[in-house]
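Under the working numbering, the sequence shown is numbered contiguously, ending at residue 340.
Note that the Cβ used here is the ideal one computed from N, Cα and C, for glycine as well.
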Amino acid sequence: MQQYSGEIIFFNKPCVNCGATDDFITLSENIDLRINRTVKTVICKTCSLTFLNPSPTPDSYRKFYEQLKDSKIPSKEKIINHEKNHEFQLCIKFIQDSIGSLKEMDAVDVGSGHGGFLHYLKPNVKSLVCAELSDGVQESIPKYFGCKVFQTGTLGESFPQNNFDLITSIAVIEHYDNPLEALRDYYRTLKEGGYIFLNTPDVINMCFEAGVEKKFKFIHPFYFSVKTLSSLVLQAGFSEIKYYVSDLSFKYRSLIHPTLVAPGRIFLIAKKDTSRKLAPNKFNLKDSPDELLKIYQNAIKREKEFNFKMKFLLLKRIINKVFPKPKLPSMYKIMYDQYNAAEIKTLD
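In structure tokens:
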């Protein structure tokens, strides 16, 4: 993990979902090793949105990412054979099961990273470009996947309004310092009748095998549930929300495979339909802040109990020395295999 040496300026941030300024419950305070600073994560008591507060300023985030740009680009083979690509394939299945064929759609992928998702999306759409800030992929993505890259974090800076039929955003929405503004940017760039697809961790199904300091972190200013994410999506103007939640968490972990955990994932799609006017109470989607706090406390308790067992069960170490270490199943493959289109839900 690279450590950031620059200055981070924090400020007290109002809730971007409901506008509350001080009615928050502290969820976690922990050291983020990237910046060697304590970060505080809170739950808004008014709307239950979970976010970093105090929050780094947008300029602090910009300087952080500029210093830590990744210049090491894997080979195309490593990118498309990474185990996470099972999740990319699941994203394609979910989108198609939700809205049908994508063959006539002009699409943009936001935050493409090394481009693994492009490998699966491009054959299914009419045209595809991507928006990615990192310097390193400006040449590799066109070379590996034949997609033009726009080096921007804001679609409106590079594209006209009403330009795309589909916007995909995988593990990106939690990185924005203002996700509501990002969603409004998506809305403006979509054609009438177009769709956004979002994929992000689910705060309801949190797990902490990697350690709390790696779960609540500086680079994730926001943590969403289906309700809080849907609230922001609706406020941005979208409608016809469909979603699927993959909840694996601790189900497959054992003493033989102690790291076999995965936080829940939200798969959500919504439509731009300017003819639909939503009632104001549609924005009041919320979870119970007390229940969120209890979920967090139970996840921490479960992790502590498991680690306590591990300290006294040395058999695992002996087994690993005497016998070959069992092959670790892929949680992404399990996630893909367990997907059931019948479990796609429509927001009431």
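{"Item": "The segment 167 to 183 touching the segment 207 to 225, judged by at least three CB pairs closer than 8 Å", "Value": "yes"}
{"Item": "Coil, strand or helix - serine 150 by DSSP", "Value": "helix"}
{"Item": "Cα-Cα separation, glutamine 59 to valine 31", "Value": "20 Å"}
{"Item": "Phenylalanine 156 versus Pro48, Ile87, Leu113 and Gly186, residue with shortest Cα-Cα distance", "Value": "Gly186"}
{"Item": "Residue(s) in a DSSP beta bridge with tyrosine 235", "Value": "Leu260 and Lys337"}
{"Item": "Residues of its chain near glutamate 205, where Cβ-Cβ distance is below 8 Å and the 5 sequence neighbours each way are ignored", "Value": "Model confidence at glutamate 205 stands at a pLDDT of 46, short of 50, so the residue's coordinates are unreliable; what they give is reported in the following sentence. Answer for glutamate 205: Asn22, Ile23, Asp24 and Leu25, listed in chain order."}
{"Item": "Reference alanine 174, options Leu94, Leu224, Ser132 and Lys269, closest by Cα", "Value": "Leu224"}
{"Item": "Cβ separation of leucine 113 and isoleucine 84, assumed to be a contact under 8 Å, to the nearest whole Å", "Value": "7 Å"}
{"Item": "6 Å Cβ shell around threonine 192 - same chain, five flanking residues per side excluded", "Value": "Ile165, Glu166, Phe216 and Ile258"}
{"Item": "Counterpart residues of arginine 29 in DSSP-defined beta bridges", "Value": "Asp24"}
{"Item": "Cβ-based burial, proline 152 [other Cβ within 10 Å; buried from 16]", "Value": "exposed"}
{"Item": "Three-state secondary structure assigned by DSSP to proline 48", "Value": "strand"}
{"Item": "Asparagine 276 in three-state terms, based on DSSP", "Value": "coil"}
{"Item": "Touching by the beta-carbon criterion (3+ pairs, under 8 Å), the segment 278 to 293 and the segment 32 to 47", "Value": "yes"}
{"Item": "Opening and closing residue of the beta strand (DSSP E) in which glycine 108 lies", "Value": "First-last for glycine 108: 108 to 113, but that is the alpha helix (DSSP H), not the beta strand (DSSP E)."}
{"Item": "Burial state of isoleucine 1 (16 or more Cβ within 10 Å)", "Value": "exposed"}
{"Item": "Validate contact between the segment 120 to 131 and the segment 139 to 148 using beta carbons, cut 8 Å, 3 pairs", "Value": "yes"}
{"Item": "Nearest residue (CA-CA) to tyrosine 53, options Gly(-2), Gln289 and His106", "Value": "Gly(-2)"}
{"Item": "Where proline 50 falls, given that 16 or more other Cβ within 10 Å makes a residue buried", "Value": "exposed"}
{"Item": "Where arginine 176 falls: helix, strand or coil (DSSP)", "Value": "helix"}
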